[in-house]
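For reference, the structure discussed in these notes is given below.
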Amino acid sequence: MRVRIGHERHAAISDLLDRALNKGVVLWGEATISLAGVDLIYVGLKVLVSSVETAQQMRSTRASDPALLDVRGS
Amino acid sequence: MSAAEPRIYAYGIVHLRDGDNLASAPSVHGVCGSTVRALPCAPLAALISDLPAQAGAPLEEVWHDPDRIKGMILDHHRVLQSVADYRTVLPLRFGAVFSDEGRVATALVKHRQALWETLERVDGAREWGVKIFWGHDRLQPRLTRDSDAGAQTQIEAASAGRAFFLRRQMEHRVGQDIREAIIGRIIDSRRLLSAAARATATLHIQPPAIHRRADEMVWNGAYLIARDREDGFFAVIDTLRDLSRPSGFDYELNGPWAPCSFADLSLGGA
Chain A
272 MRVRIGHERH
282 AAISDLLDRA
292 LNKGVVLWGE
302 ATISLAGVDL
312 IYVGLKVLVS
322 SVETAQQMRS
332 TRASDPALLD
342 VRGS
Chain B
16 MSAAEPRIYA
26 YGIVHLRDGD
36 NLASAPSVHG
46 VCGSTVRALP
56 CAPLAALISD
66 LPAQAGAPLE
76 EVWHDPDRIK
86 GMILDHHRVL
96 QSVADYRTVL
106 PLRFGAVFSD
116 EGRVATALVK
126 HRQALWETLE
136 RVDGAREWGV
146 KIFWGHDRLQ
156 PRLTRDSDAG
166 AQTQIEAASA
176 GRAFFLRRQM
186 EHRVGQDIRE
196 AIIGRIIDSR
206 RLLSAAARAT
216 ATLHIQPPAI
226 HRRADEMVWN
236 GAYLIARDRE
246 DGFFAVIDTL
256 RDLSRPSGFD
266 YELNGPWAPC
276 SFADLSLGGA
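These protein sequence lines are chains A and B, in that order.
Counting from 272, one number per residue, gives the positions in the first sequence under this note's numbering.
Counting from 16, one number per residue, gives the positions in the second sequence under this note's numbering.
This is the structure we're talking about:
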């Protein structure tokens, strides 16, 4: 699955997940107690698997350009 | 924590400068359709939004639902991207949730120095990703052909046992040449790309199931590029692409990103 993030430059959702879940400043609030026990890498893998499966399903139905998902617009 | 309690989701940290109009924070919506706002805490400001209750569902349930969490990750990404379009933002890792604004402000005060210094390092720059791919079909036949020149004659003249040994020896040599060619290309590329960047970071090589290309990913890196030097960085990639294409190498550029790979800080909360 690919995500359009700029003119003629594409990043896969895996790149986006890597940055959102594995990079960036970790500033845990006390309320992140909600996240206790949740492995973000596991969350990312589940999202990725779900995205890849979705892309494969869409490809198999020959949808036009199924893998593109514009994340710049709201 | 019950779903009814107020919760604040934090996206990133920006400089709070004189004359800043932070009231007009990002035009895109935040997680779950929320409105993003700035929480000033001089000399910094946090970009935050409410974290709406998910139709009464406990947050723990949301974290385990791939579809809902994917939506939230994309929301988080959109907010950072929309801010990074016009100013420097220090991205927070996905999932920074606070019980109220006061706790966010306390965390900013507590870690002001570290956050400020990191923000200064990435100020005026954006992150770009570069992946190098290698296609077996170009480099391998060329090296095999070059090795073949003398070895093939020897193999044909040798006994069956010796021919087998010579063939294995030739394959080993070609494999070694390929590895050396790939390593050399990566070293040269990193040197040229780094020279055009303020900072670099190494990312994980992705398997074919993820990058979905026929060729092999041999390098994955992130580069912090000052906005006014981006054209120079792109020119380096164009040059590398032209030089390396005949050998089967390709360069894939992705971005721009908020400087996620250069915001390596782990800080406690309030």
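We treat Cβ as the ideally placed atom computed from N, Cα and C, and that holds for glycine.
If you're wondering where the values come from, they're calculated on a predicted model, not measured in any experiment.
For the putative contact between residue i and residue j, defined by C-beta atoms under 8 Å, what is the C-beta separation to the nearest angstrom?
i: residue 45 (chain B); j: residue 94 (chain B); result: 6 Å
i: residue 241 (chain B); j: residue 139 (chain B); result: 6 Å
i: residue 296 (chain A); j: residue 133 (chain B); result: 7 Å
i: residue 28 (chain B); j: residue 66 (chain B); result: The pair is not a contact, with the Cβ atoms about 18 Å apart (cut-off 8 Å).
i: residue 98 (chain B); j: residue 56 (chain B); result: The pair is not a contact, with the Cβ atoms about 17 Å apart (cut-off 8 Å).
i: residue 135 (chain B); j: residue 272 (chain B); result: Going by Cβ atoms, the distance from residue 135 (chain B) to residue 272 (chain B) rounds to 19 Å, so no, they are not a contact pair.
i: residue 244 (chain B); j: residue 210 (chain B); result: Rounded, the Cβ-Cβ distance is 11 Å, inconsistent with contact.
i: residue 137 (chain B); j: residue 103 (chain B); result: 6 Å
i: residue 288 (chain A); j: residue 88 (chain B); result: 7 Å
i: residue 119 (chain B); j: residue 224 (chain B); result: Not a contact, Cβ separation roughly 39 Å.
i: residue 185 (chain B); j: residue 173 (chain B); result: In fact, because the Cβ distance is near 12 Å, the residues do not count as touching under 8 Å.
i: residue 238 (chain B); j: residue 208 (chain B); result: 6 Å
i: residue 64 (chain B); j: residue 83 (chain B); result: At roughly 16 Å, the Cβ-Cβ gap does not stay under 8 Å, so residue 64 (chain B) and residue 83 (chain B) are not in contact.
i: residue 54 (chain B); j: residue 116 (chain B); result: 6 Å
What residue range is occupied by the uninterrupted alpha helix (DSSP H) comprising residue i?
i: residue 91 (chain B); result: 81-99
i: residue 125 (chain B); result: 116-125
i: residue 259 (chain B); result: 245-259
i: residue 187 (chain B); result: 175-210
i: residue 287 (chain A); result: 284-293
i: residue 225 (chain B); result: 223-226
Chain A partners of residue i, CB-CB under 7 Å?
i: residue 221 (chain B); result: 285
i: residue 272 (chain B); result: 290
i: residue 107 (chain B); result: 295, 296, 298
i: residue 275 (chain B); result: 290, 294, 295
i: residue 63 (chain B); result: Under the 7 Å cutoff, chain A gives no residues; its nearest Cβ is about 11 Å from residue 63 (chain B).
i: residue 59 (chain B); result: Near residue 59 (chain B) there are no residues of chain A at all, since even the closest Cβ is about 12 Å away, more than 7 Å.
i: residue 68 (chain B); result: Ordered by position in chain A, no residue passes the 7 Å Cβ test against residue 68 (chain B), which lies about 12 Å from the chain.
i: residue 54 (chain B); result: The premise fails here: residue 54 (chain B) is roughly 13 Å from chain A at the closest Cβ pair, so nothing lies under 7 Å.
i: residue 212 (chain B); result: Under the 7 Å cutoff, chain A gives no residues; its nearest Cβ is about 16 Å from residue 212 (chain B).
Where does the unbroken beta strand (DSSP E) through residue i begin, and where does it stop?
i: residue 270 (chain B); result: 264-272
i: residue 144 (chain B); result: 140-149
i: residue 28 (chain B); result: 23-30
i: residue 47 (chain B); result: Looking at the DSSP string, residue 47 (chain B) is not in any beta strand (DSSP E), and its letter there is neither H nor E.
i: residue 108 (chain B); result: Careful: residue 108 (chain B) lies outside any beta strand (DSSP E) and carries neither H nor E.
i: residue 67 (chain B); result: Where residue 67 (chain B) is concerned, there is no enclosing beta strand (DSSP E), given that its DSSP letter is neither H nor E.
i: residue 56 (chain B); result: 52-56
i: residue 239 (chain B); result: 231-241
i: residue 278 (chain B); result: Taken as a continuous stretch (DSSP letters only), residue 278 (chain B) belongs to no beta strand (DSSP E), as it is neither H nor E.
Can you name the residues of chain E whose CB is closer than 9 Å to the CB of residue i?
i: residue 280 (chain B); result: No chain E is present in this structure, whose protein chains are A and B.
Starting from the beta carbon of residue i, find every residue of chain A whose beta carbon is closer than 9 Å, and list them in chain order.
i: residue 240 (chain B); result: Going along chain A, no residue has its Cβ under 9 Å from residue 240 (chain B), so there is no contact; the nearest lies around 13 Å.
i: residue 226 (chain B); result: 283, 285
i: residue 31 (chain B); result: In chain order: nothing, as chain A lies at least about 17 Å away.
i: residue 208 (chain B); result: The contacting residues do not exist; residue 208 (chain B) stays about 15 Å from chain A at best.
Can you list the residues of chain A that residue i reaches, using a CB-CB cut of under 8 Å?
i: residue 133 (chain B); result: 296
i: residue 172 (chain B); result: Within chain A, no residue comes near residue 172 (chain B); the closest Cβ sits about 51 Å away, beyond 8 Å.
i: residue 250 (chain B); result: Going along chain A, no residue has its Cβ under 8 Å from residue 250 (chain B), so there is no contact; the nearest lies around 15 Å.
Pair every Cβ in the region 104-111 of chain B with every Cβ in the region 286-294 of chain A, then say whether three or more of these pairs are closer than 8 Å. These segments touch.
Could you tell me whether the region 135-154 of chain B touches the region 252-269 of chain B, using the rule of 3 or more Cβ pairs below 8 Å? At 8 Å Cβ cutoff, the stretches touch.
Stretch-stretch touch, CB-based, cutoff 8 Å, three pairs: the region 112-122 of chain B with the region 222-234 of chain B: Not touching, per the Cβ criterion.
Assess, as a yes-or-no matter, whether the region 252-262 of chain B is touched by the region 230-244 of chain B under the definition of 3 or more beta carbon pairs within less than 8 Å. Cβ pair count under 8 Å is below three, so no.
Is the number of C-beta pairs between the region 272-284 of chain B and the region 214-222 of chain B that are closer than 8 Å three or more? Yes: at least three Cβ pairs fall under 8 Å.
Within 8 Å, do at least three Cβ pairs link the region 173-181 of chain B to the region 127-138 of chain B? Counting Cβ pairs under 8 Å, fewer than three are found: no touch.
Is it a yes or a no for the region 248-258 of chain B touching the region 80-93 of chain B, going by three-plus beta-carbon pairs under 8 Å? No: fewer than three Cβ pairs fall under 8 Å.
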